[in-house]
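Some notes on the structure that comes next.
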Amino acid sequence: MKKERIVRSIAELRALVRSTGLRSTGPRVAVLQRLQQAITPMSHAEIAEALEPAGLDRATLYRNLIDLTDVGLLSRTDHGDHVWRFELRDNAHDQAEQHPHFTCIDCGEVECLPDTSIEVSAPDRTPRAIRNHHFEVQITGLCDRCAA
Numbered sequence: 029m030k031k032e033r034i035v036r037s038i039a040e041l042r043a044l045v046r047s048t049g050l051r052s053t054g055p056r057v058a059v060l061q062r063l064q065q066a067i068t069p070m071s072h073a074e075i076a077e078a079l080e081p082a083g084l085d086r087a088t089l090y091r092n093l094i095d096l097t098d099v100g101l102l103s104r105t106d107h108g109d110h111v112w113r114f115e116l117r118d119n120a121h122d123q124a125e126q127h128p129h130f131t132c133i134d135c136g137e138v139e140c141l142p143d144t145s146i147e148v149s150a151p152d153r154t155p156r157a158i159r160n161h162h163f164e165v166q167i168t169g170l171c172d173r174c175a176a
């Protein structure tokens, strides 16, 4: 079962951004607000569309997505379609935190899978990245809607 996400106030989000050494700007807080509402990872285009009414341009949003990823507040994954998707980290400073994703090969929908759904064990001869839990697990197939 997926952990319950902590919903932070604007003041808490501003403090979170500042705690990383970044300036707390309107676009950064807007990105974090939008992603804390998301139930699946979102692409730059999806975030830009959602925040367009706030007057934020795509280039500014992209730069902020990269900045927030670089400091560990967001994670960025490519689910095989060459589109980066971003999601808020539950524990912003835990770089090893990963969870598996399912991507439908027909409609492209991406779902976060429960953390406990997959267990990876790494023998000594396994690459260090896997032993240190620096990897992504992505499962592809048909979602329930497309399989019906």
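The numbering of the sequence shown is the working numbering, which starts it at 29 and goes up by one.
Built from N, CA and C at the ideal position, the CB exists for glycine as well.
These figures come from a predicted structure and were not determined experimentally.
Would you list the residues sitting across from aspartate 172 in a DSSP beta bridge?
Locating residue 172 in the sequence shown gives position 144, where the first residue counts as 1. Aspartate 172 pairs with nothing; no bridge assigned.
Between leucine 89 and the rest of its own chain, which residues show a CB-CB distance below 7 angstroms, the 5 nearest in sequence each way excluded?
The residue labelled residue 89 in the question sits at position 61 within the sequence shown. Once the five neighbours on either side are set aside, the close Cβ partners of leucine 89 are Pro55, Val59, His72, Ile75, Ala76 and Leu79.
Using the beta-carbon count (16 or more within 10 Å), is valine 45 buried or exposed?
Here the question's residue 45 lines up with position 17 in the sequence shown. Per the 10 Å Cβ criterion, buried.
DSSP three-state label for serine 47, please.
Within the sequence shown, the letter at position 19 stands for residue 47. Three-state DSSP puts serine 47 in a helix.
From valine 138 to proline 81, what does the alpha carbon distance come to, in whole angstroms?
Sequence index remark: in the sequence shown, residue 138 carries index 110 (1-based). Sequence index remark: in the sequence shown, residue 81 carries index 53 (1-based). Going from the Cα of valine 138 to the Cα of proline 81 covers about 25 angstroms.
Could you give the first and the last residue of the continuous alpha helix (DSSP H) run that contains threonine 88?
As a first step, residue 88 must be located in the sequence shown, where it is residue number 60. Here the alpha helix (DSSP H) through threonine 88 covers 86–98.
Endpoints, the beta strand (DSSP E) within which leucine 116 is located:
Counting from 1 along the sequence shown, the entry for residue 116 is found at position 88. Leucine 116: member of the beta strand (DSSP E) spanning 112–116, first to last residue.
Can you give the Cα-Cα distance for aspartate 98 and cysteine 171, rounded to whole angstroms?
Translated into the one-based positions of the sequence shown, residue 98 becomes position 70. Translated into the one-based positions of the sequence shown, residue 171 becomes position 143. The alpha-carbon atoms of aspartate 98 and cysteine 171 are separated by roughly 32 angstroms.
Alpha-carbon spacing of arginine 113 relative to glycine 49, whole angstroms
Here the question's residue 113 lines up with position 85 in the sequence shown. Here the question's residue 49 lines up with position 21 in the sequence shown. Going from the Cα of arginine 113 to the Cα of glycine 49 covers about 24 angstroms.
How big is the Cα-Cα spacing for leucine 63 and glutamine 166?
One-based indexing of the sequence shown puts residue 63 at position 35. One-based indexing of the sequence shown puts residue 166 at position 138. Cα to Cα, leucine 63 sits roughly 20 angstroms from glutamine 166.
Considering just the uninterrupted stretch of the alpha helix (DSSP H) at leucine 60, what are its terminal residues?
Taking the first residue of the sequence shown as position 1, residue 60 is located at position 32. 54–65 is the span of the alpha helix (DSSP H), which, as asked, contains leucine 60.
Who does valine 138 pair with in a DSSP beta bridge?
As a first step, residue 138 must be located in the sequence shown, where it is residue number 110. Partner(s): Thr131.
For threonine 105 and arginine 36, what's the separation of their Cα atoms in angstroms?
In the sequence shown, the residue the question calls residue 105 occupies position 77. In the sequence shown, the residue the question calls residue 36 occupies position 8. Cα to Cα, threonine 105 sits roughly 23 angstroms from arginine 36.
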